[in-house]
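Read the structure below first, then the notes.
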Amino acid sequence: MKRATSLAALCALAVLTLGATFGKVSIVWPAVDLPFRPGPGFETVIANCTTCHSAAYVYTQPRLTQVQWKAEVIKMKAAYGAPIADADIDAIVNYLVLQNGKP
Ligand code: HEC
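Per this note's numbering, the sequence shown starts with residue 4, numbered consecutively.
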């Protein structure tokens with residue numbers, strides 16, 4: 004009887020541990036928390052693009068051309084008030100094309 008009880012307790016513990024582990028895994032949701040990947044222009048993008056939203060906004064877009072990414076960066080600046088220096092725009096656009104661009 005005692006043995007059955009401790010076996011049940013062991014099973015419960017195992018289920019709890021599995022549950023906790025599984026729960027932890029399911030909380031990590033890569034699509035929402037994609038970090039910017041290292042590459043040329045990385046620091047400029049971190050400095051200019053992470054204050055309002057995550058990098059997922061970039062990686063979940065369809066692949067854009069250089070012209071489209073430039074329009075996107077200008078939109079962030081003009082429409083949403085992102086404080087992006089004009090001198091940084093080309094470095095940012097080149098980075099975005101490398102990360103998620105098309106010819
Ligand atoms: C001042 C805040 C701010 C900054 C800084 C900012 N964004 Fe945004 N961004 C926004 C807002 C607001 C939206 C629209 C959010 C929504 O529709 O849910 C957005 C949306 C986007 C989208 C989704 C497509 C779209 O046009 O709505 C992309 C891609 C994007 N931003 C890229 C960037 C990049 C790249 C940078 C850095 C150059 C940047 N953002 C910096 C505010 C900002």
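From the three backbone atoms N, C-alpha and C, an ideal C-beta is built for every residue, glycine too.
Any heavy atom of ligand 1 inside 8 Å of the beta-carbon of residue i?
i	result
A94	no
E75	yes
K105	no
Q64	yes
V44	Note that residue 44 is Gly in the sequence shown here, rather than Val. Because no heavy atom of ligand 1 lies under 8 Å away, the Cβ of G44 does not count as near it: no.
V70	no
P86	yes
Cα separation between residue i and residue j?
i	j	result
P41	V48	10 Å
D93	K73	8 Å
I77	T68	14 Å
K105	F39	18 Å
V96	F45	11 Å
P65	V100	11 Å
D91	E75	14 Å
Q71	D89	17 Å
L37	Q102	12 Å
Taking 8 Å as the cut-off, is the CB of residue i close to at least one heavy atom of ligand 2?
i	result
L99	Of the ligands one can find in the structure shown, namely ligand 1, none is ligand 2.
Based on the DSSP secondary-structure assignment, which residues constitute the bridge partners of residue i?
i	result
G84	BP columns for G84 are empty, so no partner.
message: Give the list of continuous alpha helix (DSSP H) stretches no shorter than 4 residues that lie fully inside the region 28-80.
response: Secondary structure in the region 28-80: the alpha helix (DSSP H) runs of 4 residues or longer, each lying completely within the stretch, are 45-52 and 59-62 in chain order.
field: Stretch pair the region 43-58 + the region 83-93: three plus CB contacts closer than 8 Å
entry: Touching, per the Cβ criterion.
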